[in-house]
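Chemist: Sending over a structure as structure tokens; questions will come in a sec.
Numbering (this note's numbering), first residue to last: 3 to 444.
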């Protein structure tokens, strides 16, 4: 039985106002936490929680009776909540699990791809994947959707040379050093900070470990990001007294979105791009799932020949959040990037080992940059590129510089991706289009 869910429902029954306790409200507590919990398991969890909570109530009292009514109302309340959920009135974070059959099918397809390549790396990967028991895989594990992640045991256990070979596609995505003048700018910014009282087709680029823009342009973008920090450092919402109760929306609106906008300002080919915020439905996810799609907090969209492509997804937590929220968002990010790559390949065939879909996770006070690429064997690889602390209040220059570096790397990768997408070939037939690896097709 789901212990976390049981505890949540019990606490709701004990602590909520009596007028807020109904069969529907209790069922919503359950599906909000676990959207795919079965009806009978949820009934059992609620029944036990009612018995435990009623031990504290006087038999025959109003609250005692209210809790008992939950059980008699269960079936009709369950039907009501799920009908509202179906039409989108009741919204939960849905991540539909893959069936064991779909996971086995995905693993078999992945092994087939790996087996075709006779290189030492791919033979090691084939052997490692072949040893994995599909019974141990769930929809939350990238491998179950044919994605080999750099932090998986399969990669960690590779011989050093082969592990370096696997990491080769992204080694040049991160420039080797941050220019000294940018560090100098960050030093000067912190030192001088004072509180206030109140279309043309782009040339195809490749990752080569270098910044794609001039020092002058990088300095201009850095100034813009620093200005967003200046606003944050003067914002009482981020004071130590308020930060612990700061909600996700305020965090997103006042710091995260402005910093991302500043870092992506005046991008080359930018006339055909925009940033979508506030949980707009992902067209890639909706198409792949054939129903309502996932709703990332931020999406970076590029238009090409009349079609929208989603090149970056962002998930944001509160400044102070639970470890479970961070883990759940990490799962969302890689699944969203996987959806994005699927959508791109329905309309384009960009350069393999170079083009990638970016994931940006705001995990409390940490910013994590990831990328999903497709290699020459059509295997999707997921990489963790860079991580930095988010300086929500006045911080050390090194912290600010690291934050700036993460956002400049994001910009640098997007510049390459935006140049590669229009040059990609067009699929010649439906046979070249792929099935979903994150959605059960059976």
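Backbone N, C-alpha and C define an ideal beta-carbon position, used for all residues, glycine too.
Within the same chain, show all residues whose beta-carbon is closer than 6 Å to that of residue 71, passing over the 5 residues directly before and after it, in chain order.
Modeler: none
Chemist: Please determine if the segment 384-396 and the segment 341-353 are in contact, where contact requires at least 3 C-beta pairs separated by less than 8 Å.
Modeler: no
Chemist: Could you check the C-alpha separation between residue 155 and residue 373 for me, to the nearest Å?
Modeler: For residue 155 and residue 373, the distance between alpha carbons rounds to 19 Å.
Chemist: Within 10 angstroms of the Cβ of residue 77, are there 16 or more other Cβ atoms? Answer buried if so, exposed if not.
Modeler: exposed
Chemist: On the DSSP letters alone, give me the boundaries of the alpha helix (DSSP H) that residue 413 sits inside.
Modeler: Per DSSP, residue 413 belongs to the alpha helix (DSSP H) from 399-422.
Chemist: Please work out which residues of its chain come closer than 7 Å, Cβ to Cβ, to residue 212, disregarding the five sequence neighbours upstream and downstream, and give them in chain order.
Modeler: 177
Chemist: Nearest by alpha-carbon distance to residue 300: which of 144, 262, 328 is it?
Modeler: Minimum Cα distance to residue 300 is reached at 262.
Chemist: Please determine if the segment 400-407 and the segment 185-193 are in contact, where contact requires at least 3 C-beta pairs separated by less than 8 Å.
Modeler: With the cut-off at 8 Å, the segment 400-407 and the segment 185-193 touch.
Chemist: Please work out which residues of its chain come closer than 7 Å, Cβ to Cβ, to residue 80, disregarding the five sequence neighbours upstream and downstream, and give them in chain order.
Modeler: 29, 41
Chemist: With DSSP as the reference, please indicate the residues paired to residue 309 in a beta bridge.
Modeler: 306
Chemist: Within 10 angstroms of the Cβ of residue 20, are there 16 or more other Cβ atoms? Answer buried if so, exposed if not.
Modeler: Flag for residue 20 reads exposed.
Chemist: If you run the structure through DSSP and keep just helix, strand and coil, what is residue 383?
Modeler: strand
Chemist: Is it a yes or a no for the segment 366-385 touching the segment 219-238, going by three-plus beta-carbon pairs under 8 Å?
Modeler: no
Chemist: Grab the span of the beta strand (DSSP E) containing residue 363 for me, first residue to last.
Modeler: 358-365
Chemist: Can you list, in chain order, the residues of its chain with a C-beta nearer than 6 Å to that of residue 174? Leave out the 5 residues immediately preceding and following it.
Modeler: 209, 210, 211
Chemist: What is the rounded straight-line gap between the Cα of residue 113 and the Cα of residue 164?
Modeler: Rounded to whole angstroms, residue 113 and residue 164 show a C-alpha spacing of 18 Å.
Chemist: As an exercise, report each continuous alpha helix (DSSP H) stretch of at least 4 residues that is fully enclosed by the segment 45-122, in chain order.
Modeler: Segments of the alpha helix (DSSP H) lying fully in the segment 45-122: 64-88, 102-118.
Chemist: Does DSSP put residue 185 in a helix, in a strand, or in coil?
Modeler: In the structure shown, residue 185 sits in a helix (DSSP, three-state: H, G or I).
Chemist: Are residue 2 and residue 265 closer than 8 Å when you measure CB to CB?
Modeler: Residue 2 is absent from the model: the chain starts at 3 and stops at 444.
Chemist: With H, G and I counted as helix, E and B as strand and the rest as coil, what does DSSP make of residue 279?
Modeler: strand
Chemist: Buried or exposed for residue 284, going by 16 or more other Cβ atoms inside 10 Å?
Modeler: buried
Chemist: Just how far apart, CA to CA, sit residue 378 and residue 69?
Modeler: 59 Å
Chemist: Shortest alpha-carbon distance to residue 426 belongs to which of 407, 382, 337, 357?
Modeler: 357
Chemist: Quick check: the segment 307-318 against the segment 328-340, are there 3 or more CB pairs under 8 Å?
Modeler: Per the Cβ contact rule, the segment 307-318 is in contact with the segment 328-340 (3 or more Cβ pairs under 8 Å).
Chemist: Are the CB atoms of residue 172 and residue 385 nearer to each other than 8 Å?
Modeler: yes
Chemist: So, are the CB atoms of residue 147 and residue 250 less than 8 Å apart?
Modeler: no
Chemist: If we count the other Cβ atoms within 10 Å of its Cβ and call it buried at 16 or more, is residue 53 buried or exposed?
Modeler: exposed
Chemist: To the nearest angstrom, how far is it from the Cα of residue 282 to the Cα of residue 309?
Modeler: 17 Å
Chemist: Does the distance from the CB of residue 328 to the CB of residue 302 come in under 8 Å?
Modeler: In this structure, residue 302 does not lie closer than 8 Å to residue 328 by Cβ.
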